[in-house]
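Once you know that position 584 of the sequence shown is 584 in UniProt numbering, the rest is easy, because the numbers rise by one and skip nothing.
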Amino acid sequence: MSMNSFYVARLLEKMSSADKDFRFMATSDLMSELEKDSIKLDDDNERRVVHAVLSLLDDKNSEVQNLAVRSMGRLVNKVKDSRAEQIVKSLCVGIKSEDYQHRDVHCVGLRNVITHLPSNSGPSVMNVCRLACPNLIDILRDENTMFEMQMECLDMLNIILTRFGTRLPEFHELVKETVLSLMRNSRMAIRKRAVQVLCVLVNVSSKTVLESVGILLVELLKDRSSLTTLRTYINCVGALSVAAGPRFAPYLTQVLPTIVHYCRIVEDDEIREACLQCFENVLFRCSAECTPCISGIVDLSLTYLTYDPNYHYSDDQDHRDDGDSSEMDVDYGSSEEEQEFSDDDDVSWKVRRAAAKCIGAAITARRELLVRFCIDVAPLLIERLKEREEVVKDDIFATLIILLKQCSFASTCATDAGDHGCNEVLSTLQSLVPQMVRAVSKLLREKSPKTKKNCFALLTELVRVLPGVLATHFHQLVPGLCGALEDRMSSSELKMDALQFLCDTIESHPLCVFDQYVGVLAEMLMQAVNDAFYKVSALSLAVLQVLMRSLRPYNDVTDLNWTAYTPVITKVYAFVLVKLNATDVDQEIKERAITCAGVLLACFSDYLKDDLDPCLIILLERTKNEVTRLIAVRTLISILESPVQISMDSILADLMGCLSTYLKKNVRVLRAKTLHLLHLLIIRHKSSLDSALLSDVLAKVPSLIGKNDLELSEQALLLVIDVLEIAPGVAVRNCEHILAPVISLLSVPLLYDVSLETVFTFFFTLCRALTKQSASSGFDQLKYTLVKSLTGIEESSQAKYTCQNTARCFSAVVSAEPSKAFEVLEELLRNLDDRNNLSLRMFSLLAIGEIIRVLPTLLNVINVETVFEQWFRDSEEIRTAASHALGRMATADLSFFLPYILTRIATQPKQQYLFLQSLLEIVSSSKTCSSTSTFLDMVKPHCDQIWTVLVAHADSSEEGVRNLVAECLGKICVLDPYVFLPRLAELLNCSINPLGRSTITVAVKFSILNLPPQFDNVFKSYVKQLFVTLNDVDLGVRRIALQTLNSALHNKTALMKDFVNNFAPAVYAETAVRQNLIREIEMGPFKQTVDDGLDLRNAAFACMNTLLSKCFDRLDTDEFIKYLENGLKDHHDVQILSYLMLIKVAALRPANILRRLENLVEPIKNACTSKVKANAVKQEYEKHDELRRYALKAFGALLVRGDFSVQLQIFHSVELQNIPDADKHPSVCEVIGIIKGSHELSNLYKSARQDLIAEADDEKDQETRMEV
């Protein structure tokens, strides 16, 4: 709706009415109209509306005034530039008024205008800022300005500089001089605001301003005549180090020693607090610059952590049994002056709190000093847990927890003695456990809930870092634990923390530690299950099941001391049965009750066998319930997988009927778990199964077998195999419907290893069953079905894979009926003469190889040399099939086939590739051969001969040959790592040809992929030699070396972690764009830029991503981020990967990100503001949109709040954090303004945030499922 003249006239008339209600309603209506995007005002209406609103600022009614002030921000965005300037001028005049009410109203109005200015920084917006800034500066410079007005002006100046500071360089010098003068103001609040404005200014201004401020601060800190001013300057240093980060570093090296000196000699608590806070900020943002002073900072922090001059802790306090801090002796002195001292005058607690926070910052920033922190800092922190002030005690707890979290990194790194000082850290920490437990056990008897909560948080972190560490101390903690859970006054949060500690302790300690307390703990947990808060109840059930499982783990079938545990287990079982039967409880409690019942049956069903039926019946009901069916199915699986045998005959029929219906449900995870449960039921209850039930289940199976879900198909086939073995008649009756989807699987290229082996077993078992049922017709039927399935596949792109898979299954059918093998082999040989059917010929060749492989006695049927020489001169498809068949049948007689194949490789250059394929089949057969050890014994005598032939062709000019040689070499190394890994390392050093080095490097990758874990130590001893090509002179070799390193980090993470620091520099070196590798080529009238180094950089950044995901605890994060910045400015593909890495680092190391936030945000800003060329094609538009989406996703990760953060499964031991105050950084605010100013970017950003939230939710759901 647009505002016509008549409507405006009516509003203006009412706004000037004598009736305050009319004025109020008219102003309110005007505000509503101003909020609409469609509003249009002509010149006359603008003038009249602006005049009326400005007049209402002086209205006698406060409510009308309030509305007029609020409408200012909206009005200034709806009028022309001249009117907006008129409004600002009027407000600026008003804020200089001597009437304080008039001044305050105009001040709030001006603040409203500035706050509501659009973020697009257009000319009108900048004109408003240029009008406001001089007036604000003039008011701040006026010595007679009121305190409140100075505060408001500083706030408005802060807003203007934060949002538009980069566009107002003409005011930077004036603002700097003004705020520096205000830093000497007598009012602390003014000084703080001035420091805040200065911090914003240095971020939006040129380097010159920062330099002048830094030089000035260095000089100002030398003057200590005024302690108040000195404290402000010290606070300013800390604030600037946070705001400017590394840019302020050159001045920190000059001022830090001065501040350390003041902290030592100045006898003033506020100065000490300011110094310690400054150290904390500097450590947080510029930890490297603290290196010369770090020792002094830590020493001062330790000194002031115990600084409590007005309180006397008695010497025998540590030996008291009563932990109540109220009984500590206090000595305030004996003189009258000292007796008049009050706790309200004591500010020493602020110094102690600042010292604790400073120590925490030092531990976080300087992990390399962890050994010193454990030796010197940790004992003092534990001792100071007797602190009288609760706020200080909270920070001491927080610092101790930070120390333990850093030690958790050490616990993951301690693989070898002395590795990175990890074992020294852990042993030192372990020696402090008795002292820590004594202190915590006393604090648990205090009344403060917060202190108790901190105690359990500390203990939980301790048992996670050092599992089993409380073995000799658990008895000291039981009273406090029981008190926290049984006290009715305990909060839900305290109970949950206590339960979590108990859960972690039970899981990380042997039963003997808490054996004598099992009854007490079980009783206490059952009482906690009845808590009113559902989360406490659910967690109590979870801990109860952990306690029960500890009595007799799943994998332990030894006899239980039933006499000792009978009262506890039977009571818990009865209690859980009641909870399991309850229907009026929360969903989470229902699920926990089901899993708890499952644990009891899985562990103690042999002792509870007389009372199992009631529980099984309830579990059956829960399985039938749509809400609880999935958790119930999982629970039944865990029961049946237990070594303790349990009979489910009482519910078997109903359960099988229920499960058969679930095979048709759309929920994939339910179908998968149902198949697993049916598999277990059939194995455990062979004799109790009714053929009608099995037939009903098999009728649902065909729909589960298909190309789109191989994992589910494999599970379904395993179920069919089970039925074929125990009830072949039932399976045969349903085989017609099952066979068709199984045949369709044979055209899937990904059907290999386990999945193909399952299909092989299915056909073997089915053939046996069919033969028993219908003599030879079953065999003929299967044979005909498999051959017929090949009809019409010649034109298919999957013909090769279909023939290979079908041939493998055909051999399974023949091996099930070996009496027909000779006849079948002759038929296959005849098929080879059919020149009109290519697919049949390919299949026949492959089938011959597979049949001879499983039935070696048929080898004398064919003349190998004559026949294969003929096949190798045929078409490309036949040659490929022949090479595959030759390799498969060669395993039947290696002593004959290997010399033949090796000779052909050496003497037939045109057929090298084909015979190498055959050789690859041979060396790969060790994985699938049924008698692996025998095969290895057979092939090992020939390995030297194979090795010699392969090495001779490693530098072949044909890439296909080199790839096959590399794969064969890698798999030969797996056959005998002790012999061939050293040879492989030696080849890398002696090979002159780059092609040869690249082949050997690829061979290293294949050896890593196939190397069994028992040979990891052998590989570890040659890691450095095997990756020497990371520094090769050839570009291609380095690229392959990076890809190989990436593969090693993925597949041998634990092994490679110890070499991260050796390889990281080589990876980082390849992230830079090299101009000498960029060239221009002419394509007719056009010129194309080609970057020969792009593939190398892609490999380097992919390797960095793997380092981040797998070896993050070994990386120098600051160095990693430094090279990550290169990727944010690189090619499109590299940028996408770099943004993904930025999201991960932002979640794991927010402090390090904050130090380089400006550099990281700049590429995001460029991505948001970039434009696609006018003549761009569709693909370029799609790439541009994808880049912006990932950039905004990374930007969203920098601003996450609450418990939403990007979580990585590999980092379960790492607490993910958010970047503090990132949204206050000027460069971030600028990007926020750009996003808000574009409707398209706003929608993209919203979508990116939703993606992040969805990823976090998915991860949480996955963790919950894993926990259940």
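In this text, a Cβ means the ideal position worked out from N, Cα and C, and glycines have one as well.
Would you grab the beta carbon distance between residue i and residue j for me? Rounded to a whole angstrom, and I think it's under 8 Å.
i     : j     : result
Y1190 : I1136 : 5 Å
V79   : L41   : 7 Å
K405  : E368  : Contact flag wrong, Cβ pair sits at about 16 Å.
V748  : L782  : Incorrect: roughly 20 Å between the Cβ atoms, too far for contact.
T806  : F843  : 6 Å
L902  : I862  : About 20 Å separates the two Cβ atoms, so there is no contact after all.
A1176 : L1142 : Contact flag wrong, Cβ pair sits at about 26 Å.
So the candidates are the options; which of them puts its Cα closest to the Cα of residue i?
i    : options                  : result
Q917 : H1050, L964, F897        : L964
V513 : A471, H312, K788         : A471
N423 : C374, A439, Y978         : C374
L975 : L1011, N836, A574, V371  : L1011
L180 : K442, N581, V213, K207   : V213
L719 : H737, T623, F897, L694   : L694
L400 : K1057, A378, F456        : A378
C658 : A799, R622, L1157, I1234 : R622
T303 : L485, Y662, L276         : L276
K820 : I862, Q908, C767, T791   : C767
P257 : I234, L12, A890, T674    : I234
Q101 : L117, D299, S119, E148   : E148
Taking the straight line between their C-alpha atoms, what separation do you get for residue i and residue j?
i     : j     : result
A194  : L1199 : 26 Å
V197  : A522  : 59 Å
P982  : I1000 : 12 Å
E626  : D654  : 16 Å
L825  : R1114 : 59 Å
P134  : R264  : 42 Å
C290  : K1087 : 52 Å
Q500  : K664  : 39 Å
K1178 : R904  : 51 Å
T228  : T145  : 21 Å
K772  : T765  : 11 Å
I402  : T364  : 7 Å
K222  : G109  : 42 Å
V520  : A1147 : 41 Å
I159  : H1225 : 12 Å
K447  : A243  : 41 Å
D874  : E827  : 20 Å
V723  : H679  : 9 Å
Spell out whether any CB of chain B is found under 8 Å from the CB atom of residue i.
i     : result
E1070 : The structure shown contains no chain B; it is built from a single protein chain.
Secondary structure at residue i, three-state DSSP: helix, strand or coil?
i     : result
E668  : Strictly speaking, residue 668 in this sequence is Arg, with Glu absent from that position. R668: helix per DSSP, three-state reduction.
F533  : coil
D19   : coil
I1081 : strand
K1087 : strand
I862  : coil
R445  : coil
V576  : helix
D360  : Note that residue 360 corresponds to Gly in the displayed sequence, not to Asp. Correct three-state label for G360: helix.
Y913  : helix
task: Could you tell me whether the stretch 785-793 touches the stretch 805-813, where touching means 3 or more Cβ pairs closer than 8 Å?
output: With the cut-off at 8 Å, the stretch 785-793 and the stretch 805-813 touch.
- request: Determine, using beta-carbon pairs with one atom in the stretch 1036-1043 and one in the stretch 1098-1118, whether at least three such pairs fall under 8 Å.
  value: Yes, the stretch 1036-1043 touches the stretch 1098-1118.
task: Take every Cβ of the stretch 427-443, pair it with every Cβ of the stretch 483-492, and state whether three or more of those distances are shorter than 8 Å.
output: When Cβ pairs closer than 8 Å are counted between the two stretches, the stretch 427-443 is seen not to touch the stretch 483-492, the count staying below three.
query: For the stretch 1024-1033 against the stretch 1076-1094, are there 3 or more C-beta pairs whose distance is under 8 Å?
result: Too few Cβ pairs lie closer than 8 Å, so no.
- request: Indicate whether the contact test is met: 3 or more Cβ pairs, each with one atom in the stretch 382-401 and one in the stretch 347-367, closer than 8 Å.
  value: With the cut-off at 8 Å, the stretch 382-401 and the stretch 347-367 touch.
message: Can you confirm whether the stretch 1115-1132 touches the stretch 247-262 when touching is taken to mean that 3 or more C-beta pairs between the two stretches lie within less than 8 Å?
response: Contact check between the stretch 247-262 and the stretch 1115-1132: fewer than three CB pairs, one atom from each, fall below 8 Å, which does not count as touching.
task: Would you check if the stretch 43-59 and the stretch 14-32 touch, i.e. whether three or more CB-CB distances between them fall below 8 Å?
output: Taking a contact to require three or more Cβ pairs closer than 8 Å, the stretch 14-32 and the stretch 43-59 qualify as touching.
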